[in-house]
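Novice: Have a look at this one.
Number of protein chains: 2
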Amino acid sequence: MNPVVFYKSLADDTRLRSLLLIETEAELCVCELTHALGEIQPKISRHLAQLKKNGLLVDRRQGQWVFYRINPNLPKWAKQVIKETADSSQSFLANNLTKLQKMGDRPERVRACC
Amino acid sequence: MNPVVFYKSLADDTRLRSLLLIETEAELCVCELTHALGEIQPKISRHLAQLKKNGLLVDRRQGQWVFYRINPNLPKWAKQVIKETADSSQSFLANNLTKLQKMGDRPERVRACC
DNA sequence: ATCATATATACGAAATTGCATATATATAAA
DNA sequence: TTTATATATATGCAATTTCGTATATATGAT
Numbered sequence: 001m002n003p004v005v006f007y008k009s010l011a012d013d014t015r016l017r018s019l020l021l022i023e024t025e026a027e028l029c030v031c032e033l034t035h036a037l038g039e040i041q042p043k044i045s046r047h048l049a050q051l052k053k054n055g056l057l058v059d060r061r062q063g064q065w066v067f068y069r070i071n072p073n074l075p076k077w078a079k080q081v082i083k084e085t086a087d088s089s090q091s092f093l094a095n096n097l098t099k100l101q102k103m104g105d106r107p108e109r110v111r112a113c114c
Numbered sequence: 001m002n003p004v005v006f007y008k009s010l011a012d013d014t015r016l017r018s019l020l021l022i023e024t025e026a027e028l029c030v031c032e033l034t035h036a037l038g039e040i041q042p043k044i045s046r047h048l049a050q051l052k053k054n055g056l057l058v059d060r061r062q063g064q065w066v067f068y069r070i071n072p073n074l075p076k077w078a079k080q081v082i083k084e085t086a087d088s089s090q091s092f093l094a095n096n097l098t099k100l101q102k103m104g105d106r107p108e109r110v111r112a113c114c
């Protein structure tokens, strides 16, 4: 993981909030992030695609939904940077987390296997 | 420290290398960074000014030289992110550190006080 | 005072990034 | 098969960022 590519990925409000919310919630789908951030869907999808292309996220499809989570194969330093930032950014994320909790009809998670 | 401002500061090759070299070496002046990165002086100065304006660096003048170091008042998470990245980026910085070591006539540090 | 070295900044041009809109694709339900 | 929901992507434009050059400022030496 090239550190410039990594930090360019975090250098945008929409991308950073999405990444930190995913870190906090383990897994989120596009519609949940759209709701939590109050942004239109193509904007969220575009930024998630960039985070995936740059190796920070992986996705899985479950029916109509696509769930994103942190790439488990990220180097340790990158994982720690994300975790450290998320742990210290609860005020930065407060509004987004509130909107997420108030969201109705969130899709149910089904385990990937077994 | 707004995390978006913080990560925008790291999202450029020149700025990230400068910051990580300063973290590694404790303190560096503009001419040392210019040498280590092989970039022209106005480019280095411009990026250091941005890192200072955004709160990541502080500077002190010593005669003709200006030395930059990590802002000691950064929040803990930001300091840890910088340290974690520097500790894991020695291959990313290898060429720059080599050039720095080969540089002749580096200015002597004088302690700030006492 | 003059000159040399180190650093900072202003400026317009070039490159990159982000955006909204429109549209395409994929899945599920009827 | 038609319709609805969720997501992805293409496109042209707007905004932001970065750059090289020129120049200004600050310090020290002569």
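The listed protein sequences derive, respectively, from chains A and W.
At position 74 of the first sequence the residue is numbered 74 (full-length UniProt numbering), and the sequence of numbers has no breaks.
At position 26 of the second sequence the residue is numbered 26 (full-length UniProt numbering), and the sequence of numbers has no breaks.
Note that beta-carbon positions come from the ideal geometry of N, C-alpha and C, so glycine has one too.
#1: Which residues in the same chain as residue 65 of chain A place their Cβ atom closer than 6 Å to its Cβ, once the five residues preceding and following it in sequence are excluded?
#2: Report yes or no: do the region 19-34 of chain W and the region 81-97 of chain W share at least 3 C-beta pairs separated by less than 8 Å?
#3: Could you confirm whether any beta carbon from chain A is found closer than 8 Å to the beta carbon of residue 66 of chain W?
#4: Anything in chain A within Cβ reach of residue 16 of chain W, meaning under 7 Å, just list it in chain order.
#5: Per DSSP, what kind of secondary structure is residue 12 of chain W in: helix, strand or coil?
#6: Only counting the same chain, and skipping five residues up and downstream in sequence, which positions put a Cβ closer than 7 Å to that of residue 114 of chain W?
#7: At the level of alpha carbons, what is the spacing between residue 152 of chain A and residue 15 of chain A?
#8: Under 8 Å, Cβ to Cβ, is there at least one residue of chain A near residue 94 of chain W?
#9: Pop quiz: residue 57 of chain W and residue 44 of chain W are said to be a contact at Cβ under 8 Å. What is the actual Cβ separation, rounded to whole angstroms?
#10: Give the interface partners of residue 50 of chain A over in chain W, defined as CB-CB distance under 7 Å, in chain order.
Specialist: The relevant details are as follows:
#1: One-based indexing of the first sequence puts residue 65 of chain A at position 65. Excluding sequence neighbours, residue 65 of chain A sits near 29 and 107.
#2: yes
#3: One-based indexing of the second sequence puts residue 66 of chain W at position 66. Not closer than 8 Å to any Cβ of chain A, the Cβ of residue 66 of chain W fails to qualify, so no.
#4: Against the second sequence, residue 16 of chain W aligns to sequence position 16. Going along chain A in sequence order, the residues near residue 16 of chain W (Cβ under 7 Å) are 3, 4 and 7.
#5: Taking the first residue of the second sequence as position 1, residue 12 of chain W is located at position 12. Residue state, collapsed to three classes: coil.
#6: Your numbering for residue 114 of chain W matches position 114 in the second sequence. For residue 114 of chain W, the pLDDT reaches just 41, beneath the cut-off of 50, and the residue's location in the model is therefore unreliable, although a value from the coordinates is still provided. Around residue 114 of chain W: no qualifying Cβ.
#7: No information on residue 152 of chain A is available, as it lies outside the stretch 1 to 114 that chain A covers here.
#8: Taking the first residue of the second sequence as 1, we reach residue 94 of chain W at position 94. No, its Cβ sits nowhere closer than 8 Å to a Cβ of chain A.
#9: Here residue 57 of chain W is taken as the residue at index 57 of the second sequence, counted from 1. Here residue 44 of chain W is taken as the residue at index 44 of the second sequence, counted from 1. Contact doesn't hold; Cβ gap of about 12 Å is too wide.
#10: Your numbering for residue 50 of chain A matches position 50 in the first sequence. In chain order: nothing, as chain W lies at least about 13 Å away.
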